[in-house]
Amino acid sequence: MRSSVTAANRRPATSLAVQTAGWRVALTTLCSLLLVPTGSVADDSFRDVVAPILQARCLSCHSAEEKSGGLSLQSAKGLTAGGDSGAAIVPGDPDASLLIDVITPEDGEATMPQDGDPLTSDEQAAIRRWVEQGARWPEGLVLEEAAVTDTDWWSLRPLERPPLPQRSETDSAWCRTPVDAFILRQHRDRGLGGLPEADRRTLIRRLYFDLIGLPPTYEEVEAFVADTQPRAYERLVDRLLASPRYGERWARHWLDVVHYGDTHGYDKDKPRPNAWPYRDYVIRSFNDDKPYTQFVQEQIAGDVLAPQDPQAIIATGFIAAGPWDFISHVEVPESKIDGQIARHLDRDDMVRNTMETFCSVTVGCARCHNHKFDPITQEDYYSLQAVFAAVDRANRPYDLDSDAARRRQQLLAQKGELSSARTALEKRLRKETDVSLDELNSQIAKLEQAGQGHDRPEFGYHSQIESQPDAEKWVQVDLGDSRAIAQIVYVACHDTYNGIGAGFGFPRRYRIDVSDDPDFETGVITMLDRTGSDQPNPGAAPQTIPVSGSNANDPKTGRYVRVTATKLAPRKNDYIFALAELMVISPEGENLATGSTVIARDSIEAPVRWSKSNLVDGYWYGATRSEENREQLARLYSQRQELLAALAESETQQKIDIVDERLAAIARQLKELPEPSVVYAAATEFQPQGNFKATGGTPREIRVLRRGNVLSPGEIAQPGTVAAIAGESAHFDLPPGHREGDRRAALARWITDRNNPLTWRSIVNRVWLYHFGRGLVDTPNDFGRMGQEPTHPELLDWLACELRGGGESIKHLHRLIVCSATYRQASRPEAGNDVAANERIDGDNQYLWRMNPRRLEAEAIRDAVLQVSGCLDLKMYGPGFQDFVIEKPQHSPHYEYHLHDPYDPRSHRRAVYRFLVRSQQQPFMTTLDCADPSMQVEKRNETLTPQQALALLNNKLMVAMAGRFAESVAAEQKTLPDQVALAFRRTLARDPQPQELDALTSYGEQHGLENVCRVLLNLNEFVFVD
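This is the structure:
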């Protein structure tokens, strides 16, 4: 029986690495200790003393993963395999053991652990004593690396507002917001001198791109430069923060972090046509300055915390934002290994996205083992997986109107209660059933099963193929004249296509009607109505409808019997309706439909396999072939019908009828509600796709996986979070039988708890990053020991406390930052201003003695080009535009960007509305360092390459917009110098210098106005912001 030991860590795990400097390569072969027989009962001294030392000091380098020197110290098996240098111990003889040599100080210094402190004398003595006693290793024992327990790390310390630094009168005059006091103290401590404030033209351009992602116009710049009123700068900041363009700009940053995309990624990379509502939710949230707690909670559990708010439901698109493996979810059953791995990795993405986005914690490192550097255990990680154990990524309906949402919830709740009541009544009715009916059912079942085993696909009726499930289909039989009907029996098809088998093509929702009118416009009697909810697949067994009230004395009559499918059956990429057999049984037991005329709304006629006539040929998969059996079945059907008719008069059946009437009324009311919208989001109920089926809100059982292997499950994980941060509340206190959403709601509340220091530091750091090009912590997704420490820890904490206690307003945070003297500094020294000392002290500008000049992001460049050319469409929200042509959309789509028409006005919206493909990204945008939606992008790469210059000059969009730019300028000005001057003002928002105008005019005379515009759109002054 495999067991494990986990011991408290005495100090951060260090290395027991292998040395080769002339002495037999250290301890890498403890295998000889296994020569000593092990007892069935472990040696207490090994478990209590030696094992914890090995865990804390050795396994970081000598485990199955690391195996430094070829040695794993985790198990007897690893020791048996040995290492690169032969035996490391001689059981019973410590003086002859290499292990003792390397841990014992020689000339005042121990060889091992290589990168850590030497073992204490007590630890050395314990290992020596263990070897002396025979180095017994308890049978089956497997050591796991000890968890890091040291929580004394800057990001885990309680969040407290630090006092503002003391400053002189001169310093106070420079400071514009509290931000400056912290920056200035670092300047003074390090001997740095800040640059003066940038000129107004630079400041307005900086603000425009930082806050709304678009350039200011020439007129806006001139007005700001001329504005001498007090607080002109602050008024400009407020105006930009109030602009709807602000939400578009800052939503793009957020979507980078959460790796939002409009396709699934992986092999097939199919489109997600309903992902965009989440993108719009983020834009609206930033524009509305939604309190940060609400913003976070809605994205994790909005459907639980505010179920009647459509925006809160849309917000759970965050959970579904990342890639999704279509093949391993849809084409592989969850019971198979590949299916288990796919769902395990899907939850892993949800956990990582949540914890890295909101808390800047890399919990994913604990998927296979305890985190090597931070206090996060495997148990913590799988507790987080358990939070998402019931949710999947799928299309989820929601009501845009809150009143409609409330009404739908009420009706669905009533429907659930009535359905439960009906189930109970059916059980009671079965108890009331006469024994003779049970015997009849048994005889009928035996006859229906007789002759089964035919392995060919069943012939039957097959509708035309549809791309959507809600295309209505019908097929009907003509009995020749109006006939008395006692029963209707229908049988689903059996086909091996896509592994569906029995129930192939059987509709999700349907009804069966009888009428004397072939068009079913008058005199319609509904025999069965199953259009209110999705029905299970019946398999190959015949389904019988006893016609209510019909018997020899009171039959239902009709000439035409129609089966109408209102929701088609899904296949791999399309939807159909198929039916093997339709039987209409008379009171005498005769099948009236045999050989009758069949008509349908449409059908596939592919004899002999598919034909309307097959619907009434008396054959189906597993059908009896004996005429004697057919006659016997007909008699038994008739006898059963008479018994059922008698039962229909019972009190219980009458109650069932009342419930059915109420259910039908609810179905009608639901149908009258507005058609719900759809968002690709976290879901527990959705239309199945192949093997991808909803949990119905029942969480999957999550187990701690040894080494992250689905084939090595350990103990069951309880929903919770990181114990080192949450303490005793790490496992959520949820009642038995709790809802799935209660788990996510608990996590959302924990993340946004005012005492959770990570959340508030994380978002402040992200906002700072997008203003300065570098965060106060330069690893925005990792606040652990493998990340960077903050350059200004007190400033980070002051801003985090200000956000937490100041209404949680991101816009307030912006104001504090962009109104500061630090933000307003010039990025380049003026002539004669010597900054050599600053460069020597802080060449990377970590301490912000100047502003960082930056190249614009891909989206900002593209949007600016569209704006100055006069083509930018500022339409907000809705489905994204596609700057490609899709080929082979039904299988593995190809996204062909070179086929897109750059003049298509539909693609001239802001880039935040661009349809984002994961596998085949837009080449032009990728060249300009656009974020890859397949991964979380905490901060974008900023590169300068020749390819970027070539793309800006020659890309089809750039050429097309330069042409449109030239046309618009030529329409306003008649002479070339005036046209060049106007183009210059539109591009750079300033008047050209005489020499600039002369040079560009001369160039235009030789190469044309369009090429002048191409040059302007490639200037550093246009694509960089100071």
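Sequential numbering from 1190 applies to the sequence shown in the numbering used here.
Note that beta-carbon positions come from the ideal geometry of N, C-alpha and C, so glycine has one too.
Should G1694 be labelled buried (16 or more other beta-carbon atoms within 10 Å of its own) or exposed?
Translated into positions along the sequence shown, residue 1694 becomes position 505. Answer is buried; the Cβ neighbour count reaches 16.
Considering just the uninterrupted stretch of the beta strand (DSSP E) at E1904, what are its terminal residues?
As a first step, residue 1904 must be located in the sequence shown, where it is residue number 715. Run containing E1904: 1902-1905, per the beta strand (DSSP E) assignment.
Cβ-Cβ separation, P1586 to P1759 (assumed contact under 8 Å), whole Å
As a working note, residue 1759 is residue 570 in the sequence shown. As a working note, residue 1586 is residue 397 in the sequence shown. Actually they are not in contact, since the Cβ atoms of P1759 and P1586 sit about 16 Å apart, beyond 8 Å.
Best match in K1479, Y1455, Q1488 for proximity to Y2216 [C-alpha to C-alpha]
No answer is possible for residue 2216: the residues shown for the chain start at 1190 and end at 2215.
Based on the DSSP output, what are the partners of H1683 in its beta bridges?
Position 494 of the sequence shown, counting from 1, holds the residue named residue 1683. Bridge partners of H1683: A1691.
In chain order, what are the residue ranges of uninterrupted beta strand (DSSP E) at least 3 long that sit wholly in the region 1824-1888?
Counting only runs of 3 or more, we get 1866-1872.
Checking the sheet assignment: what are the DSSP bridge partners for H2083?
Position 894 of the sequence shown, counted from the start, is the residue given in the question as residue 2083. In DSSP, H2083 forms a bridge with E2076.
If contacts are defined as beta-carbon pairs under 8 Å, then T1941 and Q1486 qualify, I think. What distance do you get, rounded to the angstrom?
In the sequence shown, counting from the first residue as 1, residue 1941 sits at position 752. In the sequence shown, counting from the first residue as 1, residue 1486 sits at position 297. With 8 Å as the limit, T1941 and Q1486 qualify as a contact, their Cβ atoms being about 6 Å apart.
Of the residues A2120, I1516, E1661, L2063, the one placed nearest S2096, counting alpha carbons only:
Within the sequence shown, residue 2096 is the residue found at index 907, counting from 1. Of the candidates A2120, I1516, E1661, L2063, the one whose C-alpha sits nearest the C-alpha of S2096 is L2063.
Report the option in R1420, D2052, E1874, P1982 whose CA atom is closest to the CA atom of M2147.
Within the sequence shown, numbered from 1, the residue matching residue 2147 stands at position 958. Taking only the C-alpha atoms, the option nearest M2147 is D2052.
In terms of alpha-carbon separation, which member of Q2056, D2121, A2047 lies closest to L2177?
Against the sequence shown, residue 2177 aligns to sequence position 988. Cα-wise, what sits closest to L2177 is Q2056.
Straight-line Cα distance separating V1797 from V2225:
Any question about residue 2225 goes unanswered here, given that the chain covers just 1190 to 2215.
Please list the terminal residues of the continuous beta strand (DSSP E) segment that includes D1469.
Position 280 of the sequence shown, counted from the start, is the residue given in the question as residue 1469. From DSSP, D1469 is part of no beta strand (DSSP E) but of the alpha helix (DSSP H) over 1465-1476.
CB L1614 to CB K1801, shorter than 8 Å?
By 1-based counting over the sequence shown, the position of residue 1614 is 425. By 1-based counting over the sequence shown, the position of residue 1801 is 612. Going by C-beta atoms, L1614 is not nearer than 8 Å to K1801.
Compute the beta-carbon to beta-carbon distance between Y1449 and I1503, rounded to the nearest angstrom, for a pair I have assumed lies under 8 Å.
On the sequence shown, position 260 is the one that residue 1449 refers to. On the sequence shown, position 314 is the one that residue 1503 refers to. Contact flag wrong, Cβ pair sits at about 13 Å.
Return helix, strand or coil for G1930, following the three-state DSSP convention.
For the purposes of this step, residue 1930 is taken as residue 741 along the sequence shown, with counting starting at 1. Looking at G1930 - three-state DSSP - the assignment turns out to be helix.
Would you decide whether H2196 is buried or exposed? Buried here means 16 or more other CB atoms lie within 10 Å of its CB.
Translated into positions along the sequence shown, residue 2196 becomes position 1007. Per the 10 Å Cβ criterion, exposed.
When you compare the CB positions of E1149 and P1283, do they come within less than 8 Å of one another, or not?
Because the chain is modelled from 1190 through 2215, residue 1149 falls outside the range shown and cannot be assessed.
Please name the residue in A1285, D1388, W1342 whose C-alpha comes closest to that of Q2014.
Translated into positions along the sequence shown, residue 2014 becomes position 825. Looking at the Cα atoms, D1388 is the closest of the given residues.
Would you report the Cα separation of K1131 and L1392, rounded to the nearest angstrom?
A query on residue 1131 cannot be resolved here, the shown segment of the chain reaching from 1190 to 2215 and no further.
Please classify R1857: is it buried, with 16 or more other beta-carbons within 10 angstroms of its beta-carbon, or exposed?
In the sequence shown, counting from the first residue as 1, residue 1857 sits at position 668. So R1857 counts as exposed.
Given a cut-off of 8 Å on the beta-carbon distance, is the pair R1379 and I1999 in contact?
For the purposes of this step, residue 1379 is taken as the residue at position 190 of the sequence shown. For the purposes of this step, residue 1999 is taken as the residue at position 810 of the sequence shown. Not a contact, by the Cβ cut-off of 8 Å.
CA-to-CA distance, A1913 to E1349, given in whole angstroms
The residue you call residue 1349 lines up with position 160 of the sequence shown. The residue you call residue 1913 lines up with position 724 of the sequence shown. If you take the alpha carbons of E1349 and A1913, they lie about 19 Å apart.
Is it the case that the CB of V1485 approaches a heavy atom of the ligand HEM more closely than 7 Å?
As for the ligand HEM, it is missing from this structure, which has no ligand bound.
Near D1706, what residues of its chain come up, given a Cβ to Cβ distance below 6 Å and the 5 sequence neighbours on each side ignored?
As a working mapping, residue 1706 is identified with position 517 in the sequence shown. Only G1712 meet the Cβ criterion.
Any idea which residues DSSP pairs Q1704 with across the strands?
Here residue 1704 refers to the residue found at position 515 when the sequence shown is read from its first residue. It is worth fixing the name first, because residue 1704 is Ser in this sequence and not Gln. The partner list for S1704 (beta bridge, DSSP) reads Y1749.
Given C1990, which residues of its chain have a CB within under 6 Å of its CB, disregarding the five upstream and five downstream residues?
Residue mapping note: residue 1990 aligns to position 801 of the sequence shown, counting from 1. Excluding positions up to five away in sequence, the list reads R1350.
Less than 8 Å between the C-beta atoms of A2010 and V1580, yes or no?
Within the sequence shown, the letter at position 821 stands for residue 2010. Within the sequence shown, the letter at position 391 stands for residue 1580. The answer is no: Cβ separation not under 8 Å.
List the endpoints of the continuous beta strand (DSSP E) containing A1583.
Locating residue 1583 in the sequence shown gives position 394, counting from the first residue. Segment 1581-1587, the beta strand (DSSP E) holding A1583.
For P2036, which of I1278, R1318, P1302, F1371 has the nearest alpha-carbon?
Counted from its first residue, the sequence shown places residue 2036 at position 847. According to the sequence displayed, residue 2036 carries Tyr and not Pro. Per the Cα distances, F1371.
Which residues does DSSP pair with G1649 in a beta bridge?
Locating residue 1649 in the sequence shown gives position 460, counting from the first residue. Per DSSP, W1799.
Scan the region 1542-1622 and note each continuous alpha helix (DSSP H) run of 4 residues or more that stays entirely inside, going in chain order.
Runs of alpha helix (DSSP H) with 4 or more residues, each lying fully within the region 1542-1622, are found at 1567-1576, 1591-1621, listed in chain order.
What's the gap between the Cα of V2201 and the Cα of P2183?
On the sequence shown, position 1012 is the one that residue 2201 refers to. On the sequence shown, position 994 is the one that residue 2183 refers to. Roughly 16 Å separates the two Cα atoms.
E1328, DSSP secondary structure in three states
Taking the first residue of the sequence shown as position 1, residue 1328 is located at position 139. In the three-state scheme derived from DSSP, where H, G and I count as helix and E and B as strand, E1328 is classed as coil.
Local Cβ density within 10 Å of L2189, reported as buried at 16 or more and exposed below that
The residue labelled residue 2189 in the question sits at position 1000 within the sequence shown. Its Cβ being crowded by 16 or more others within 10 Å, L2189 is buried.
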